[in-house]
Amino acid sequence: MQDKSNNKVARGEFATRLGVIAATVGSAVGLGNIWGFPYTAHENGGGAFLIVYLVCVFLIGIPVICAEFVLGRGTHKNVLGAFRQLCRYKTLHYIGYISILAAVLIVSFYSVVAGWTFEYTIEAVSGAMTSGSGGDYQEYFHEFSTSAWKPILWIVIFIGVNFFIVSRSIQKGIEKISNIMMPLLFVILFVMVVNSFFLDGFNQGINFMFSCDFSKITPTVVIKAMGQAFFSLSLGLSCLLIYSSYFTDEENLTRTAAIIAVLDTLVAILSGIIIFSALATYKAENVGGPGLVFCVLPDIFGNMPFGYVWASLFFLLLLFASITSSISMLEIPIAFIHEEFKVSRQVAAMIMSVVAIAGAVFCSLSFGPLRDATIFGKTIFDIFNFLAECVFLPLGGIIFSIVVGWVLEKHFVYGQLTNNGTLRTPRFILKTIVFLMRYVSPVLIAMVFLYGLGLFDF
Ligand code: PHE
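Numbering (the working numbering), first residue to last: 166 to 623.
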């Protein structure tokens, strides 16, 4: 099964370029863009934050995406197999296990929020959501998220949908669903931006988003922008590594990396416009975190003309974004189990779904019955979130860029980036990417890492 000649056939690959873009952009576009970016940008100076964010996408995003692509497409293997094939140093193989553990942690807490989103989508579509007022939404959300069984039911449904997708082959599962959900996501986003244009607060929202006050750029804002770019682009976890292992050898890696970076940033900016205009129009406060999406926005939609439509579209958008991200997280351990232990994709997907549900149930209960089970004052949800986002993701990003920038042979790396010299990508672009990979990204990511651990402050 695993010999080189029929390796690709046995593993499956993306059938079309649209599939490649839809799946990789689908992994990147998630809760981090639609809710995380507007909130973080709002807190950290709007336009000024956006500029720093764009610089980070260029300095860290594109090089690390390329590093993951070189490892994945260069081997056509799961994360562990990739390191085994490329790195002579045995200890480096353990990096693969870090990615797998990180994927399990991240899918656990992500599924809790995605489960809430699922419940809100159904509420919105059934018309039950937009009939309340201000405090009702807060009360409802509090009651719902702290209850024991209801969020768990939604977790099981959410992961069940994921299982349905990832247990199929790459083309019939991940590619097909991304090809449907991603175009729909962009249509919804576009329709909602057009609606924002007609809101009274549109100009104020745009001003906030694009007017730059450079005095607001502090070192902390820079670090936050780097962290946000990192999470938003799905870096460091090996989602892009595993997806690229299903690319054909003709896929242009640098161009695909640039498309992901541009589309992911576009979604973040458009979500910012939608949310800032809505907040400005209804003079609502940005409470941040889950409160923004699950309390403030439903209230705003309730006051908008055709609020039912906007609430339904918004939560559908969020749901599509979370599904296309969570399937990429699950694919990491599934490919590992499927290829390393030679079991079928269905069995691997079943094992991972059960593990993800177990992890998510603990995270969910930490809002209610298990809220007092804390370590260093952090609940289980916070610990999972902290370990994944502040420890494993940056660690993965540093390792990927160092391995590709320093450990692998140069002709292999350039061979992958140019499809063995058949692409006409200008030399200076390739050199810049490799330079950033070697010298810039690891240092910048290390700063995010140390800041996240609280070991580095200003
Ligand atoms: N990029 C996703 C988002 O913005 C989150 C994610 C992180 C997905 C890491 C996969 C890997 O929500």
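Glycine is no exception: its CB is placed at the ideal position from the N, C-alpha and C atoms. Keep in mind the model is a prediction, meaning the values are calculated, not measured.
Reference residue i, options the options, closest by Cα
| i | options | result |
| --- | --- | --- |
| residue 585 | 211, 235, 179, 216 | 235 |
| residue 294 | 362, 265, 262, 465 | 465 |
| residue 581 | 421, 509, 341 | 421 |
| residue 611 | 591, 555, 600 | 555 |
| residue 587 | 525, 208, 305, 414 | 414 |
| residue 211 | 241, 200, 286, 375 | 375 |
| residue 496 | 435, 411, 440, 477 | 411 |
| residue 324 | 275, 443, 348 | 275 |
| residue 327 | 515, 432, 616, 592 | 515 |
| residue 177 | 336, 378, 434, 225 | 336 |
| residue 281 | 310, 543, 551, 350 | 310 |
| residue 350 | 428, 397, 398 | 428 |
| residue 179 | 388, 583, 342, 458 | 342 |
| residue 379 | 616, 615, 209 | 209 |
| residue 595 | 544, 418, 471 | 418 |
| residue 229 | 558, 615, 546 | 558 |
| residue 454 | 202, 385, 183, 389 | 202 |
| residue 670 | 291, 331, 286 | Given a span of 166 to 623 for the chain in the structure shown, any question on residue 670 remains unanswerable. |
| residue 271 | 261, 245, 607, 547 | 547 |
| residue 221 | 400, 408, 475, 543 | 400 |
| residue 541 | 499, 618, 609, 273 | 618 |
| residue 289 | 239, 620, 477, 456 | 477 |
| residue 517 | 527, 494, 529 | 494 |
| residue 468 | 302, 583, 238, 263 | 302 |
| residue 459 | 307, 359, 358 | 307 |
Residue i: CB within 7 angstroms of a non-hydrogen atom of the ligand PHE
| i | result |
| --- | --- |
| residue 271 | yes |
| residue 467 | no |
| residue 404 | yes |
| residue 198 | yes |
| residue 396 | yes |
| residue 562 | no |
| residue 193 | yes |
| residue 399 | yes |
| residue 294 | no |
| residue 346 | no |
| residue 602 | no |
| residue 490 | yes |
| residue 493 | yes |
Limits of the alpha helix (DSSP H) - the one that residue i falls within
| i | result |
| --- | --- |
| residue 649 | Past the boundaries of the shown model lies residue 649; the chain is included only from 166 to 623, so the question cannot be answered. |
| residue 442 | 418–446 |
| residue 315 | 314–331 |
| residue 233 | 227–240 |
| residue 559 | 558–567 |
| residue 555 | Unbroken run through residue 555: none, as it is neither H nor E. |
| residue 337 | Run containing residue 337: none; DSSP gives neither H nor E here. |
| residue 262 | 259–290 |
| residue 365 | Looking at the DSSP string, residue 365 is not in any alpha helix (DSSP H), and its letter there is neither H nor E. |
| residue 615 | 606–617 |
| residue 580 | 575–582 |
| residue 603 | No alpha helix (DSSP H) holds residue 603; DSSP gives it neither H nor E. |
| residue 589 | Looking at the DSSP string, residue 589 is not in any alpha helix (DSSP H), and its letter there is neither H nor E. |
| residue 389 | 384–397 |
| residue 206 | 202–208 |
| residue 193 | 182–193 |
| residue 216 | 212–221 |
| residue 470 | Careful: residue 470 lies outside any alpha helix (DSSP H) and carries neither H nor E. |
| residue 624 | Missing from the structure shown is residue 624; the chain here goes from 166 to 623 and no further. |
Proximity test, residue i beta-carbon vs the ligand PLP heavy atom, cut-off 7 angstroms
| i | result |
| --- | --- |
| residue 391 | Summarising the ligand content, the structure contains the ligand PHE and does not contain the ligand PLP. |
Just list the beta strand (DSSP E) runs in the region 473–550, keeping only unbroken ones of 3 residues or longer that don't cross its boundaries, in chain order. none
How do the region 397–416 and the region 570–579 stand: do at least 3 beta-carbon pairs fall below 8 angstroms, yes or no? no
Does the count of Cβ pairs from the region 560–567 and the region 220–238 closer than 8 angstroms reach three? yes
Can we say the region 237–256 touches the region 422–430, given the rule of at least three CB pairs closer than 8 angstroms? no
Any 3 or more C-beta pairs closer than 8 angstroms across the region 442–451 and the region 312–322: no
Cβ contact check for the region 184–204 and the region 478–496: 3 or more pairs under 8 angstroms: yes
Measuring CB atoms only, is the region 360–373 touching the region 500–520, in the sense that at least three cross pairs come out at less than 8 angstroms? no
So does the region 211–227 actually touch the region 539–556, counting three or more Cβ pairs closer than 8 angstroms? no
Are at least three pairs of beta-carbons, each pair with one atom in the region 526–541 and one in the region 588–601, less than 8 angstroms apart? no
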